[in-house]
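Student: Those protein sequence lines, which keep their order, are chains A and B.
Once you know that position 135 of the first sequence is 1023 in the numbering used here, the rest is easy, because the numbers rise by one and skip nothing.
Once you know that position 100 of the second sequence is 82 in the numbering used here, the rest is easy, because the numbers rise by one and skip nothing.
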Amino acid sequence: MEIIQTVFVRNNLIVAFAVVGVTIWFSYFMADKLTKGRIHGSAIAIALGLLAAYFGGRATGGSTGLADVTLLGGIGLMGGGMMRDFAIVATAFGVHLSELKKAGVVGVVSIFAGVLVSFIVGAVIALLYGYTDPISITTIGAGAVTYIVGPVTGEAIGASEAVIALSVAAGLVKSILVMIGTPLVAKTIGLDNPQSAMVFGGLMGTTSGVAAGLAATDPKLVPYGAMTATFYTGVGCLLGPSILFIIVSAMV
Amino acid sequence: MIVYGVALLSACLVLGMLLGEALGVVLNVEANVGGVGIAMLFLVLASNSPRFKSLVEGASGSGIKFWSAMYIPIVVAMAARQNVVAAFEGGMLAVVAGVAAVIVSFALVPVLSKMGGSGPQSAEDSDSKTDATEQGAV
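This is the structure in structure tokens:
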């Protein structure tokens, strides 16, 4: 047992490659046999990942899902921000400038529209749940933008620990729902070309949600959605503690 | 050499991240503003420019393609390290706020896409030209 632990921990990233590889093989097998290709294999793999993260978090009490399980620590490195960003940038290889230019203006519009709409929805729901102070309303609204914008805004304007935690949770729910929901609604919302993918990335904003959601829908759309999504959190952090907080303070 | 492509990819990411971080400082926000997006633009520019041809073709190009293909496995690992427990334990307010934000945003995708689709810009580009080079996007 100790030998296994030593080898697994010392080679944790390699173990992660193997575990993820087996998971994806299993997912594609299931997608093919059980759903006859109707559900994309990567959608099943991502759902399995989230499920494993839930049980990992329950078992260990940690905050990084399956990566807190000692033998599977490499999942944390493989799925961390550094590798994610590296692979996302690599997907831009082969993208054509003309496609980007086509959606240029509407792509930028979608980023601002996305931040505003998610913020307003979050703020209204905070109001409905009985929050009346502008600091809490702004922080929860910012959490509905992304789980990074929530705490950045909350800390900047002095929100309580509990409200900041709530804003992170709202952002996490959003991110997970985008991962699972995107392939299901893709057809309905016309998500089948580079332009709509850029609009989609700008409106949703959660980089992990958009990245996984598009991967499960059509991997060719990933670079377009990711391109706009990566600006979203920055814009959210810019507007949250400043203009949006001022507007909420004036209204409440 | 495969490593040339990987190095080009890395250089794009580092440069983009530096610019995104600097943009964050200039705008006085505690976040990297679009670092990854800027890095992607660099890679698109490099892969479309004749100057970088030797770094994006042949073996060098497969160094970039490898990481592009590792994207879905990395996303699966990313899903497995999310704090799913915290998302559920945030209570109903967090769930309702998250779900409502997603539904409204989903609904806006076709609205904004149509705005862009009927614009004068899309008519300028000839579609036949993009079709011919489409296979590069895989």
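Positions of the beta carbon are idealized from the N, C-alpha and C atoms, including for glycine.
Which of the three DSSP states, helix, strand or coil, is assigned to residue 1070/A?
Tutor: Within the first sequence, residue 1070/A is the residue found at index 182, counting from 1. Reduced to three states, the DSSP call for residue 1070/A is helix.
Student: So is residue 111/B buried or exposed if we call it buried at 16+ other beta carbons inside 10 Å?
Tutor: Taking the second sequence and counting its residues from 1, one reaches residue 111/B at position 129. In this predicted model, residue 111/B has a pLDDT of only 38, less than 50, meaning its place in the structure is not dependable; the value taken from the coordinates is given anyway. Burial call: exposed.
Student: Determine the direct distance from the alpha carbon of residue 1018/A to that of residue 962/A, and round the result to whole angstroms.
Tutor: Looking up residue 962/A in the first sequence gives position 74. Looking up residue 1018/A in the first sequence gives position 130. If I take the Cα positions, the gap works out to 42 Å.
Student: Am I right that residue 1006/A and residue 83/B are in contact with their C-beta atoms under 8 Å? What's the rounded C-beta distance?
Tutor: Taking the first sequence and counting its residues from 1, one reaches residue 1006/A at position 118. Taking the second sequence and counting its residues from 1, one reaches residue 83/B at position 101. Their Cβ separation, rounded to whole angstroms, is 4 Å, which keeps residue 1006/A and residue 83/B in contact under 8 Å.
Student: Does the beta-carbon distance from residue 1086/A to residue 1067/A come in below 8 Å?
Tutor: Translated into the one-based positions of the first sequence, residue 1086/A becomes position 198. Translated into the one-based positions of the first sequence, residue 1067/A becomes position 179. In this structure, residue 1067/A does not lie closer than 8 Å to residue 1086/A by Cβ.
Student: Going by other Cβ atoms of all chains shown within 10 Å of its Cβ, with 16 needed for buried, is residue 63/B buried or exposed?
Tutor: Counted from its first residue, the second sequence places residue 63/B at position 81. With 16 or more other Cβ atoms within 10 Å, it is buried.
Student: Within 8 Å (strictly less), CB to CB, does residue 918/A reach chain B?
Tutor: For the purposes of this step, residue 918/A is identified with residue 30 of the first sequence, where counting begins at 1. Not an interface residue.
Student: Using the Cα positions of residue 67/B and residue 957/A, report the straight-line distance between them to the nearest angstrom.
Tutor: Numbered from its first residue, the second sequence carries residue 67/B at position 85. Numbered from its first residue, the first sequence carries residue 957/A at position 69. So the two alpha carbons sit approximately 14 Å from each other.
Student: Got a sec: does the ligand PLP put a non-hydrogen atom nearer than 7 Å to the Cβ of residue 46/B?
Tutor: Among the ligands in the structure shown, none appear at all, so the ligand PLP cannot be discussed.
Student: Within 10 angstroms of the Cβ of residue 894/A, are there 16 or more other Cβ atoms? Answer buried if so, exposed if not.
Tutor: As a position in the first sequence, residue 894/A is number 6, starting the count at 1. Answer is exposed; the Cβ neighbour count stays below 16.
Student: For residue 33/B, which residues from the same chain have a beta carbon less than 8 Å from its beta carbon, with the 5 sequence-adjacent residues on both sides left out?
Tutor: Against the second sequence, residue 33/B aligns to sequence position 51. For residue 33/B, same chain residues with a beta-carbon under 8 Å away, outside a window of 5 residues either side, do not exist.
Student: One question on the structure: do residue 1123/A and residue 1040/A come within less than 8 Å of each other, judged by their Cβ atoms?
Tutor: Working through the first sequence from its first residue, we reach residue 1123/A at position 235. Working through the first sequence from its first residue, we reach residue 1040/A at position 152. Their beta carbons are not under 8 Å apart, which means residue 1123/A does not touch residue 1040/A by this criterion.
Student: What whole-angstrom Cβ distance do residue 966/A and residue 901/A have, given they're in contact under 8 Å?
Tutor: The residue labelled residue 966/A in the question sits at position 78 within the first sequence. The residue labelled residue 901/A in the question sits at position 13 within the first sequence. Yes, they are in contact, since the Cβ atoms of residue 966/A and residue 901/A sit about 6 Å apart, within 8 Å.
Student: Check each candidate in 1015/A, 899/A and 1088/A and name the one with the smallest Cα separation from residue 1113/A.
Tutor: On the first sequence, position 225 is the one that residue 1113/A refers to. Selected option, being the one with the closest Cα: 1088/A.
Student: According to the neighbour-count rule (16 or more other Cβ atoms, all chains shown, within 10 Å of its Cβ), is residue 898/A buried or exposed?
Tutor: Here residue 898/A refers to the residue found at position 10 when the first sequence is read from its first residue. Label assigned to residue 898/A: exposed.
Student: For residue -14/B, I'd like the list of residues in its chain whose CB is within less than 6 Å of its CB, leaving aside the five on either flank, ordered along the chain.
Tutor: One-based indexing of the second sequence puts residue -14/B at position 4. Closer than 6 Å at Cβ, skipping near neighbours: 37 and 42.
Student: Roughly how many angstroms separate the alpha carbons of residue 942/A and residue 954/A, rounded to a whole number?
Tutor: Here residue 942/A refers to the residue found at position 54 when the first sequence is read from its first residue. Here residue 954/A refers to the residue found at position 66 when the first sequence is read from its first residue. When rounded, the distance between both Cα atoms is 8 Å.
Student: Of all the CB atoms in chain A, is at least one closer than 8 Å to the CB of residue 36/B?
Tutor: Looking up residue 36/B in the second sequence gives position 54. At a cut-off of 8 Å, the C-beta of residue 36/B has no neighbouring C-beta in chain A.
Student: What number of angstroms, rounded off, separates the C-alpha of residue 1101/A from the C-alpha of residue 58/B?
Tutor: Indexing the first sequence from 1 puts residue 1101/A at position 213. Indexing the second sequence from 1 puts residue 58/B at position 76. Their Cα atoms are separated by approximately 11 Å.
Student: Quick check on residue 971/A: does DSSP put it in helix, strand or coil?
Tutor: As a first step, residue 971/A is located in the first sequence; it is residue number 83 there, counting from the start. Taken through DSSP and simplified to helix, strand or coil, residue 971/A comes out as helix.
Student: Taking Cβ positions only, does residue 16/B come closer than 8 Å to chain A?
Tutor: Stepping through the second sequence from its first residue, residue 16/B is reached at position 34. So yes, residue 16/B belongs to the interface.
Student: Measuring straight from C-alpha to C-alpha, what distance separates residue 1131/A and residue 998/A?
Tutor: The sequence position of residue 1131/A within the first sequence is 243, counting from 1. The sequence position of residue 998/A within the first sequence is 110, counting from 1. Annotation: residue 1131/A to residue 998/A spans about 18 Å, alpha carbon to alpha carbon.
Student: Would residue 986/A pass as a contact of residue 1103/A if the rule is Cβ separation under 8 Å?
Tutor: In the first sequence, the residue the question calls residue 986/A occupies position 98. In the first sequence, the residue the question calls residue 1103/A occupies position 215. Not closer than 8 Å, so no.
Student: Hey, does residue 42/B have any beta-carbon neighbour from chain A nearer than 8 Å?
Tutor: The residue given as residue 42/B occupies position 60 in the second sequence. Chain A, which has no Cβ nearer than 8 Å to the Cβ of residue 42/B, makes this no.
Student: Strictly under 8 Å for the Cβ-Cβ distance: is residue 31/B near chain A by that measure?
Tutor: Reading the second sequence from its first residue, position 49 is the one you call residue 31/B. For residue 31/B, not one C-beta of chain A is nearer than 8 Å to its own C-beta.
Student: Might you give, ordered along the chain, the residues of its own chain that have their beta carbon closer than 8 Å to the beta carbon of residue 1058/A, omitting 5 neighbours on each side?
Tutor: The count along the first sequence starts at 1 and reaches residue 1058/A at position 170. Cβ neighbours of residue 1058/A beyond the five flanking positions: 1010, 1028, 1031, 1032, 1035 and 1038.
Student: Rounding to the nearest angstrom, what Cα-Cα distance links residue 1119/A and residue 1021/A in this structure?
Tutor: The residue given as residue 1119/A occupies position 231 in the first sequence. The residue given as residue 1021/A occupies position 133 in the first sequence. If you take the alpha carbons of residue 1119/A and residue 1021/A, they lie about 29 Å apart.
Student: Taking just the CA atoms, how far does residue 1105/A sit from residue 28/B?
Tutor: One-based indexing of the second sequence puts residue 28/B at position 46. One-based indexing of the first sequence puts residue 1105/A at position 217. The straight-line gap from Cα to Cα measures roughly 27 Å.
Student: So the alpha helix (DSSP H) residue 44/B belongs to, where does it begin and stop?
Tutor: Position 62 of the second sequence, counted from the start, is the residue given in the question as residue 44/B. That run of the alpha helix (DSSP H) goes 40 to 51.
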